[in-house]
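The structure under discussion appears below in the form of structure tokens.
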Amino acid sequence: MCLADLEFDYINPYDSSSRINVMVLPEFATQAALCFFYLVTQHWIMALFCAPYLFFNIRLYRKRRHLIDVTEIFNQLHWEKKQRLVKFFYLVCTLFLSVFW
């Protein structure tokens, strides 16, 4: 939502990037905890389903591309919107499989 507001110039880049950057590490920690939970409870299929997302987050963190830079936010806007949309649908699929399988 912050990226759409930024695109339509309802919010300034500093506020948008600070709102997004606050949520990045809790998102990564939650995903890691969920994957670890699946491993501990021996849900091997769900752990394998969550592993690519976890490795993608680890790769972003190690390359230091997990935070949005205020000066580069407009250049990365299309990529960030696409990435967050794919992550959202991935999490919806994970939630659907967790609840109904």
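In my numbering, the protein residues as written are 612 to 712.
C-beta atoms are modelled at their ideal positions from N, C-alpha and C, and glycine is treated no differently.
Distance CB(residue i)-CB(residue j) smaller than 8 Å
| i | j | result |
| --- | --- | --- |
| V635 | L678 | yes |
| S628 | D616 | no |
| L614 | A643 | no |
| A658 | L650 | yes |
| L688 | E618 | yes |
Residue burial classification, residue i (beta-carbon count within 10 angstroms, cutoff 16)
| i | result |
| --- | --- |
| Y625 | exposed |
| N686 | exposed |
| N623 | exposed |
| I656 | exposed |
Proximal residues to residue i (C-beta, below 7 Å), its chain only, five neighbours per side dropped
| i | result |
| --- | --- |
| T705 | F660 and C661 |
| E691 | L614 and I679 |
| Y701 | Y664 |
| L645 | C661 |
Sequence-distant residues of the same chain with beta carbon closer than 6 Å to residue i, five excluded per side
| i | result |
| --- | --- |
| I631 | C613 and I679 |
Worksheet entry | Uninterrupted alpha helix (DSSP H) stretches inside the stretch 643–686 (no shorter than 4 residues) | Counting only runs of at least 4 residues, the stretch 643–686 fully encloses the following alpha helix (DSSP H) elements, listed from N- to C-terminal order: 655–673.
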